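Numbering of the sequence shown is given in the working numbering, commencing with residue 118 and proceeding in unit increments. One structure is given here, and the rest of the page talks about it.
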Amino acid sequence: MQQAWYKQFWPWFLIALPMAAVIASLTTFYIAATTNNDMVVESYYKKGKAINADLSLIQKAEQMGIKASVSPATNGLVLDISLPESLKSQPLKVELAHKTLAKNDRSYVVTADANGRYRFGDDLNESGRWFIRISPMDDTWRLQEELQLPLYNAEEIDGK
118 MQQAWYKQFW PWFLIALPMA AVIASLTTFY IAATTNNDMV VESYYKKGKA INADLSLIQK
178 AEQMGIKASV SPATNGLVLD ISLPESLKSQ PLKVELAHKT LAKNDRSYVV TADANGRYRF
238 GDDLNESGRW FIRISPMDDT WRLQEELQLP LYNAEEIDGK
């Protein structure tokens, strides 16, 4: 006498394969529906216009001869920047944007210390790829560059 089908191995094995695919697809749908993808841009046209404005600000910084470098410090990062005399006492905006996680983005308003160096990022302890943007408070010029944190050496920021 033969065993009932539900007591045998092969029917359950054949049922398990499609069930695994169904469970995986439902899990994938749940993840896609409940998480926000920071890499997807809502309005490509507006982003394109903003990129063109950024390029003109970067070119202005290049024409003014503004160059900067970022180096590691005991707490945070140090920004050395060559500014024209008329701009040396100005506070600067430093924005650090994480490449994939918008919740990790940081923004600082920094002023120069007695040596003319700007210190920031003492709360920055995540490593990875970051995008740094430096500009004055009136947004008349801009420098930007990609950084790999943690920094081990000084890294130039030329805006390109």
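C-beta: ideal position from N, C-alpha, C; glycine also. All figures in this text were calculated on a predicted structure; none of them were measured in a lab.
What does residue i pair with, by DSSP beta-bridge criteria?
i    : result
Y225 : V211
Y235 : L196 and A229
W247 : H215 and L264
To which residues of the same chain is residue i closer than 6 Å at the C-beta, ignoring the five residues directly before and after it?
i    : result
V211 : Y225, V227, F237 and I251
I198 : A185
Suppose the cutoff is 8 Å on Cβ atoms and the five residues either side in sequence are ignored; what does the same chain contact list for residue i look like?
i    : result
L241 : G193, L194, L213, R223 and L266
D171 : R259 and Q261
K205 : A229 and G233
From the DSSP output, in three-state form, read off residue i for me.
i    : result
S142 : helix
Q180 : helix
L268 : coil
S252 : strand
N260 : Residue identity differs from the one stated: residue 260 is Leu in this sequence, not Asn. L260 falls in the strand class under three-state DSSP.
T151 : helix
D171 : helix
L241 : coil
Taking residue i as the reference, give the member of the options with the closest Cα.
i    : options             : result
L196 : D239, W122 and I140 : D239
S244 : L143, F130 and L268 : L268
F248 : A137, N221 and S173 : N221
Quick one: residues in its chain with C-beta nearer than 7 Å to the C-beta of residue i, no 5 flanking neighbours on either side, listed in chain order?
i    : result
Q120 : none
> Which runs of the alpha helix (DSSP H) fall wholly inside the region 182-210 and span at least 4 residues, in chain order?
Replying inline: The alpha helix (DSSP H) runs lying completely inside the region 182-210 and spanning 4 residues or more number zero.
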